[in-house]
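>
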Amino acid sequence: MRNEEVAAALYEIADLLELSSDEDRFRPISYRRAARAIEGLAEAIEDLANQGRLEQIPGVGRGIAAKIKQHLSEGKIDELAALRSRFPPGLVDIMRLPDVGPKTARRLYLELKVTNLEELRKAAEEGRLRRLKGFKERSEQNILKGIQLREATKGRFLLGYVLPIADRIVEHLRTTAPVDKVAYGGSVRRMKESVGDLDILATATDPAAVTKAFTSMPLVREVIMSGDTKSTVLVGPERIQVDLRVLEPRSWGSGLQYFTGNKDHNIKLRTIAQKMGLKLNEYGIFRGEEQVAGATEEDVYRTLGLPYIEPELREDTGEIEAAAQGALPNLVTLADIKGDLHTHTNLTDGVNTLEQMAAAARAKGYEYLGISDHSPSLRVTGGLSEEHLRIHVAHIREYSKRSPDLKLLAGTECDILGDGSLDYPDSVLKDLDYVIASVHSHFKMPEKEMTERVVRAMSNDHVDILAHPTTRKIGQRESIALDMERIMEVAADAGTVVEINAYPDRMDLNGPHAKLAKEHGVKLIVDTDSHTTAHLDFMRLGVGSARRGWLETSDVVNTMSYEEILTFFASR
DNA sequence: GCCGTTTTCGGCCCGACTGTTTTCAGTCG
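Going from the first sequence to our numbering is simple: count from 1 and add 1409.
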């Protein structure tokens, strides 16, 4: 599947078109729409191209189809190459800073000769930005803050992006290399929402052959080092660092444990070993020279007097103590999830129809799917008017009635307006199966005001779920200023369900916040915020966050059956 | 560049907010 690669090229064309002031402002929109549709395809773009079906993709017409074909056959697109030659490559990075768009990026380039983030930082630090018309000291500070935020996540990648790559590499080695066992470790295995690199572990009798298979994978862009048991490569257009360690079978468990981390968790385990007169390292647990454990992770933990600790808990935030007391949670799993309640259709900013979304949910084996399209104030999403919502709801109910297996719930993702009021009147909200409320505007309110705003929304009796509470976008936008303790207190009091939004750049709430919610007795829901059928797969990421938050099935409302969850919302 | 029960041309992504503005351009969703 080269879908992501094609989508990336189209996104880049869109970015560069925006920088060209002489361009039609609708062209970038068209390219982005096509790129999103291609990302969401279940089929391989190559197959569609071969079958002459590219123009069946929504948003792909003759022009874009031709460019896709050129990309697939020649590995380049003439228009993209031409656009690239017009601007320095760093300009797109500048354009992606918060509060900076194409116009500002272009001016910074033309008027200050700034061509990348580093030069921009220098210009801001030297106070040169404020010389520009419309810029003051405040704008300089904002830009510096934006660069800082970007750097904090520099070289880090979204779990939602890396996890499929990890799966592919593991699968590739399993099928093409002489490995006995192979798995990924590191922060990916702990389901951290952003990860710096990828660790692959394997056992094999012929380590050199595994290393060779690893370094010659099609995905590899550069081989950094390649030894007998340890090698490092960079993969994909983002050049993500992937390390491979080939272990002896008797060290499989200890190696996997060691490379899963995190560091603090490992240090604590080694301390425990030490106190027992043992030594723990990546090769096993040793008493003197003698290896006493290491073949499996269970083996390692058991030898230290502990039950197995799930990877998502290994952050040294109390899991080792809980394990010692036999008080580890029985974590929720992906298989426990019976439905997804935060999804969009093409009536607002989703790509697929209601019927397509339902079919995809059915294919996942869900009992139910909730449709929650946007409310009117989110104009660009085509937020539904009251009248359109009523028609939509009727359509959803009619589908559900005809469907014996998968049931649909009619909901909304209703905007929380600046004053904490909701974007639909109560008379509309009361007729829905459930109501999701969320913040999409006025992000920069001070904490007190913002907290009161969200509290007011939660206090509306019709609001069932608070979606993506912090509204952060990883590496792009800071969390809004919220008193999270207060939010959780109010949620517990009002019975508001709080969402773990599994969309890769949101992952909101994150694990620690989810844990906080649980400690307040708040119920949570794991939702994908799907805008295409393919996005339903994000559930796995959200469940990862739930597990990082120590959540059990009883904490997560979409582990309930259809009847149970209907009753649950109706009784609130 | 795409698209079509208002259409093969002319709309589409509009309105609010922000910061710096003196009347608004740029950004965001």
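Ideal placement from N, C-alpha and C gives every residue a C-beta, glycine not left out.
Given the structure is predicted, the values throughout are model-derived calculations rather than measurements.
According to DSSP, simplified to helix, strand and coil, what is R1895?
Numbered from 1 along the first sequence, position 486 holds the residue referred to as residue 1895. If DSSP states are grouped into helix, strand and coil, R1895 belongs with the helices.
> At what residue ranges does the stretch 1498-1577 contain a whole run of the alpha helix (DSSP H), taking only runs of 4 or more?
Counting only runs of 4 or more, we get 1500-1504, 1511-1521, 1526-1534 and 1546-1561.
> Near Y1570, what residues of its chain come up, given a Cβ to Cβ distance below 7 angstroms and the 5 sequence neighbours on each side ignored?
In the first sequence, residue 1570 corresponds to position 161, counting from 1. P1913, listed in sequence order.
> Do you know whose CA, among L1665, H1849 and I1974, lies nearest G1595's CA?
Here residue 1595 is taken as the residue at index 186 of the first sequence, counted from 1. For the residues L1665, H1849 and I1974, the minimum Cα distance to G1595 belongs to L1665.
> Can you tell me where the beta strand (DSSP E) holding M1634 begins and where it ends?
The sequence position of residue 1634 within the first sequence is 225, counting from 1. Segment V1629 to S1635, the beta strand (DSSP E) holding M1634.
> What does the Cβ neighbour count give for E1928, buried or exposed, with the cut at 16 atoms within 10 Å?
Counted from its first residue, the first sequence places residue 1928 at position 519. It is exposed - the Cβ of E1928 has fewer than 16 other Cβ atoms within 10 Å.
> Looking only at DSSP bridge pairs, what is I1609 linked to?
The residue labelled residue 1609 in the question sits at position 200 within the first sequence. I1609 is bridged to Y1593 and L1653.
> Considering Cα atoms alone, identify which of D1964, N1755 and R1515 is closest to D1745.
Along the first sequence, read from residue 1 onward, the residue named residue 1745 stands at position 336. Looking at the Cα atoms, D1964 is the closest of the given residues.
> Can you tell me whether T1742 is buried or exposed, with buried defined as 16 or more other CB within 10 angstroms of its CB?
Position 333 of the first sequence holds residue 1742. By the neighbour-count rule (16 or more Cβ atoms within 10 Å), T1742 is not buried but exposed.
> From the DSSP output, in three-state form, read off Q1700 for me.
By 1-based counting over the first sequence, the position of residue 1700 is 291. In this structure, Q1700 counts as strand in the three-state DSSP scheme.
> Would you mind stating whether I1486 and L1529 have Cβ atoms separated by less than 8 angstroms?
Taking the first sequence and counting its residues from 1, one reaches residue 1486 at position 77. Taking the first sequence and counting its residues from 1, one reaches residue 1529 at position 120. No. Outside cutoff.
> Where DSSP assigns a beta bridge to R1886, which residues make up the other side?
For the purposes of this step, residue 1886 is taken as residue 477 along the first sequence, with counting starting at 1. DSSP, once it has assigned bridges, lists K1882 as partnering R1886.
> Quick one: residues in its chain with C-beta nearer than 7 angstroms to the C-beta of Y1710, no 5 flanking neighbours on either side, listed in chain order?
For the purposes of this step, residue 1710 is taken as the residue at position 301 of the first sequence. So the qualifying residues of the chain are P1716, Y1717 and I1718.
> Under the DSSP definition of a beta bridge, which residues are partnered with S1640?
Position 231 of the first sequence, counted from the first residue, corresponds to residue 1640. According to DSSP, which records beta bridges pairwise, S1640 is partnered with S1635 and L1653.
> Is the beta carbon of L1526 sitting closer than 8 angstroms to the one on A1514?
Taking the first sequence and counting its residues from 1, one reaches residue 1526 at position 117. Taking the first sequence and counting its residues from 1, one reaches residue 1514 at position 105. For L1526 and A1514, no; Cβs fall outside 8 angstroms.
> With distance defined between alpha-carbon atoms, name the residue in I1503, D1508 and P1507 nearest to L1517.
By one-based count along the first sequence, residue 1517 stands at place 108. Of the listed residues, the one whose Cα sits closest to L1517 is I1503.
> According to DSSP, is G1953 helix, strand or coil?
Reading the first sequence from its first residue, position 544 is the one you call residue 1953. Residue state, collapsed to three classes: helix.
> Are there 16 or more other CB atoms within 10 angstroms of the CB of I1466, so buried, or fewer, so exposed?
On the first sequence, position 57 is the one that residue 1466 refers to. Label assigned to I1466: buried.
> Between which two residues does the beta strand (DSSP E) harbouring E1908 extend?
For the purposes of this step, residue 1908 is identified with residue 499 of the first sequence, where counting begins at 1. From DSSP, the beta strand (DSSP E) with E1908 extends over V1906 to N1910.
> Roughly how many angstroms separate the alpha carbons of D2001 and A1901, rounded to a whole number?
Here the chain comprises residues numbered 1410 to 1981, so residue 2001 is not present and cannot be evaluated.
> Judging by CA-CA distance, which residue of A1943, K1882, F1496 and S1794 is the nearest neighbour of N1919?
If you number the first sequence from 1, residue 1919 lands on position 510. For N1919, the nearest C-alpha among the options comes from K1882.
> Suppose the cutoff is 8 angstroms on Cβ atoms and the five residues either side in sequence are ignored; what does the same chain contact list for V1966 look like?
Residue 1966 sits at position 557 when you count from the first residue of the first sequence. Once the five neighbours on either side are set aside, the close Cβ partners of V1966 are V1906, K1932, L1933, I1934, I1974 and F1977.
> Quick check: what's the CA-CA separation for E1560 versus S1830?
What you label residue 1560 is simply residue 151 of the first sequence in a count that begins at 1. What you label residue 1830 is simply residue 421 of the first sequence in a count that begins at 1. The alpha-carbon atoms of E1560 and S1830 are separated by roughly 36 angstroms.
> What do you get for N1739, buried or exposed, if any count of 16 or more other CB atoms within 10 angstroms of its CB means buried?
Mapped onto the first sequence, residue 1739 falls at position 330. Exposed is the call here.
> Please report the straight-line C-alpha distance between V1655 and P1573, rounded to a whole angstrom.
Stepping through the first sequence from its first residue, residue 1655 is reached at position 246. Stepping through the first sequence from its first residue, residue 1573 is reached at position 164. Each residue's alpha carbon lies about 21 angstroms from the other.
> Is the beta carbon of Y1440 sitting closer than 8 angstroms to the one on I1477?
Within the first sequence, residue 1440 is the residue found at index 31, counting from 1. Within the first sequence, residue 1477 is the residue found at index 68, counting from 1. No, they are not a contact pair.
> Measure from the alpha carbon of D1936 to the alpha carbon of each residue in L1778, E1972, R1957 and D1835, then state which is nearest.
What you label residue 1936 is simply residue 527 of the first sequence in a count that begins at 1. Checking every option, the nearest Cα to that of D1936 belongs to L1778.
> Could you check the C-alpha separation between H1751 and R1723 for me, to the nearest Å?
Taking the first residue of the first sequence as 1, we reach residue 1751 at position 342. Taking the first residue of the first sequence as 1, we reach residue 1723 at position 314. Roughly 29 angstroms between the two C-alpha positions.
> For the alpha helix (DSSP H) containing I1447, name the first residue and the last one.
To locate residue 1447, count along the first sequence from 1; it is residue 38. Note, I1447: alpha helix (DSSP H), F1435 to E1448.
> Mind checking whether V1863 and I1896 have CB atoms under 8 angstroms apart?
The residue you call residue 1863 lines up with position 454 of the first sequence. The residue you call residue 1896 lines up with position 487 of the first sequence. Contact: yes.
> Please say whether G1820 and V1844 have beta carbons closer to each other than 8 angstroms?
In the first sequence, the residue the question calls residue 1844 occupies position 435. In the first sequence, the residue the question calls residue 1820 occupies position 411. Yes. Within cutoff.
> Taking the alpha carbon of P1646 as the reference point, which residue from A1903, F1947 and R1411 has its own alpha carbon closest?
Here the question's residue 1646 lines up with position 237 in the first sequence. Selected option, being the one with the closest Cα: R1411.
> Suppose you measure from the CA of R1537 to the CA of Q1550; what does that come to, to the nearest Å?
Numbered from 1 along the first sequence, position 128 holds the residue referred to as residue 1537. Numbered from 1 along the first sequence, position 141 holds the residue referred to as residue 1550. Going by the C-alpha atoms only, they are around 12 angstroms apart.
> Buried or exposed for S1794, please, with buried defined as at least 16 other CB atoms from any protein chain shown within 10 angstroms of its CB.
Numbered from its first residue, the first sequence carries residue 1794 at position 385. Exposed, because fewer than 16 other Cβ atoms sit within 10 Å of the Cβ of S1794.
> Sorted by chain position, which residues of the same chain lie with C-beta nearer than 8 angstroms to L1457's C-beta, five sequence neighbours on each side aside?
As a working note, residue 1457 is residue 48 in the first sequence. So the qualifying residues of the chain are L1450, L1463, Q1465 and I1466.
> Does the pairing of the stretch 1762-1771 with the stretch 1810-1819 give three or more beta-carbon distances under 8 angstroms?
Contact between the stretch 1762-1771 and the stretch 1810-1819 is present, because at least three Cβ pairs lie under 8 angstroms.
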